[in-house]
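Under the numbering used here, the residue at position 229 of the sequence shown is numbered 231, and the numbers go up by one with no gaps.
A virtual CB, placed ideally from N, CA and C, is assigned to each residue, including glycine.
Worksheet: the structure to be examined is printed underneath.
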Amino acid sequence: MELTAKFLAQLLKGTVEGDENAKATKFAKIEHGKPGTLSFFANPKYEEFVYTSQASILIVDKSFEPKQPVKATMVRVDNAYSSIADLLKYVSAQKQKAKRHRSLLARWHFSTHFGKKVYLAAYSYVGRHVTIGDNTVIHEHVTIGDNTVIGKNCIIYPGVVIYPGMIIGNNVILHAGCIIGGDGFGNAPRPDGSWEKIEHLGNVIIGDDVEIGCNTTVDRAQMESTVIGNGVRIDNLCMIAHNVVIGDHTVMAAQTGIAGSTEVGKYCIFAGQVGIAGHAKIADHTTILAQGGVMGNIRKEGQTLLGSPVMDAKQYIKAYALFKRAAEE
Numbered sequence: 003m004e005l006t007a008k009f010l011a012q013l014l015k016g017t018v019e020g021d022e023n024a025k026a027t028k029f030a031k032i033e034h035g036k037p038g039t040l041s042f043f044a045n046p047k048y049e050e051f052v053y054t055s056q057a058s059i060l061i062v063d064k065s066f067e068p069k070q071p072v073k074a075t076m077v078r079v080d081n082a083y084s085s086i087a088d089l090l091k092y093v094s095a096q097k098q099k100a101k102r103h104r105s106l107l108a109r110w111h112f113s114t115h116f117g118k119k120v121y122l123a124a125y126s127y128v129g130r131h132v133t134i135g136d137n138t139v140i141h142e143h144v145t146i147g148d149n150t151v152i153g154k155n156c157i158i159y160p161g162v163v164i165y166p167g168m169i170i171g172n173n174v175i176l177h178a179g180c181i182i183g184g185d186g187f188g189n190a191p192r193p194d195g196s197w198e199k200i201e202h203l204g205n206v207i208i209g210d211d212v213e214i215g216c217n218t219t220v221d222r223a224q225m226e227s228t229v230i231g232n233g234v235r236i237d238n239l240c241m242i243a244h245n246v247v248i249g250d251h252t253v254m255a256a257q258t259g260i261a262g263s264t265e266v267g268k269y270c271i272f273a274g275q276v277g278i279a280g281h282a283k284i285a286d287h288t289t290i291l292a293q294g295g296v297m298g299n300i301r302k303e304g305q306t307l308l309g310s311p312v313m314d315a316k317q318y319i320k321a322y323a324l325f326k327r328a329a330e331e
């Protein structure tokens, strides 16, 4: 995509300082800027590269005052960091725009209801009585089970499997290989020590504006629903068990695992490899640092926790210092 300084100024509500016809077709870090690329300057640590960068266009704050001549055409905006985020979002949206297309190598049923401009790529399968909203993009080798509902403006990447009866909101992104709606890990012990499988008849409900990473699994409920709230962000290789409820705008990093029937509040942050036991309740605005282990309820909102089992992060650091000192004596 070709972007001119004039267009960028209009899009980002900024002003041009230099050649308004300067063009860029690629993005680059400011230290790697070359002719034909667009970079941005938002961190004072990188100011030296403002004067050496060969980028054609440079997005900077309106308040920036150069100490040396700048070769690039500058587009001055209120906030360079947020403006580049807006620009990346715009470019991504333009790339995702697709006219209505259903590959002859895909399979769907006459009972499927497609919205406007749905893209269905080769080797994907859509089951019976499925509803897919406007402008949704379904990539190759996706399987969508019967009676599933998918909202508008979704992106479903290759290899995603959506079991029958799932409900997915608008503006949802499911990355490659994630599985929505597999059976939960439910087994009942028999008298002889063997295990009997417990059937799972519920579903998964995913809210709007959710993004789920590669190879993450969200299990269907035994009864009722596993629920992923609006605005939730889940990284790669996470595990969400049956009947879990995740509150709006919670985020979790890779390899986090949440056991069955746990209720996670809103606006929580879980770092990598956090583990949460089943049937726990986690208060809103809880932050759990990397490899934190939660074995029971967290009732107080706004805590930052660390360790296994978790405790206040500052207390944990003090306790660890004492523990380390004792080991050295």
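With V229 as the anchor, note down where its beta strand (DSSP E) starts and where it stops.
Your numbering for residue 229 matches position 227 in the sequence shown. Segment S227 to I230, the beta strand (DSSP E) holding V229.
For F9 and I59, what's the separation of their Cα atoms in angstroms?
On the sequence shown, position 7 is the one that residue 9 refers to. On the sequence shown, position 57 is the one that residue 59 refers to. Distance between the alpha carbons of F9 and I59 is about 12 Å.
DSSP bridge partner residues for T289 (one or two, in chain order)
On the sequence shown, position 287 is the one that residue 289 refers to. Paired residue(s): I271 and T306.
Given that a residue counts as buried once 16 or more other Cβ atoms are within 10 Å of its Cβ, and exposed if not, what is D194?
Start at 1 with the first residue of the sequence shown, and residue 194 comes out as number 192. Residue environment: D194 is assigned as exposed (fewer than 16 neighbouring CB atoms within 10 Å of its CB, all protein chains considered).
Going by the DSSP bridge assignment, what does D221 pair with across the sheet?
Locating residue 221 in the sequence shown gives position 219, where the first residue counts as 1. Answer is G184.
Looking only at DSSP bridge pairs, what is I266 linked to?
As a working mapping, residue 266 is identified with position 264 in the sequence shown. Strictly speaking, residue 266 in this sequence is Val, with Ile absent from that position. Per DSSP, I248 and I284.
Report yes if the CB atom of I140 is closer than 9 Å to the CB atom of Y121, and no otherwise.
By one-based count along the sequence shown, residue 140 stands at place 138. By one-based count along the sequence shown, residue 121 stands at place 119. Against a cut-off of 9 Å, the Cβ pair of Y121 and I140 comes out as a contact.
With a 10 Å radius around its C-beta and 16 neighbouring C-beta atoms as the bar for buried, classify D80 as buried or exposed.
Position 78 of the sequence shown holds residue 80. So D80 counts as exposed.
Simplified DSSP assignment, three categories, for T145:
The sequence position of residue 145 within the sequence shown is 143, counting from 1. Strand, per DSSP.
Can you tell me where the alpha helix (DSSP H) with T54 in it begins and where it stops?
For this step, residue 54 is matched to residue 52 along the sequence shown. Secondary structure note for T54: its alpha helix (DSSP H) is the uninterrupted segment E49 to T54.
DSSP three-state label for A124, please.
In the sequence shown, residue 124 corresponds to position 122, counting from 1. In this structure, A124 counts as coil in the three-state DSSP scheme.
Quick check on this structure: which residue in A255, K31 and S65 has the alpha carbon closest to the alpha carbon of I86?
In the sequence shown, residue 86 corresponds to position 84, counting from 1. If we check each option's Cα against that of I86, K31 comes out closest.
Within a Cβ cutoff of 6 Å, which residues of the same chain sit near L176, ignoring the five residues on either side of it in sequence?
As a working mapping, residue 176 is identified with position 174 in the sequence shown. These residues qualify, in order along the chain: I158, V162 and I214.
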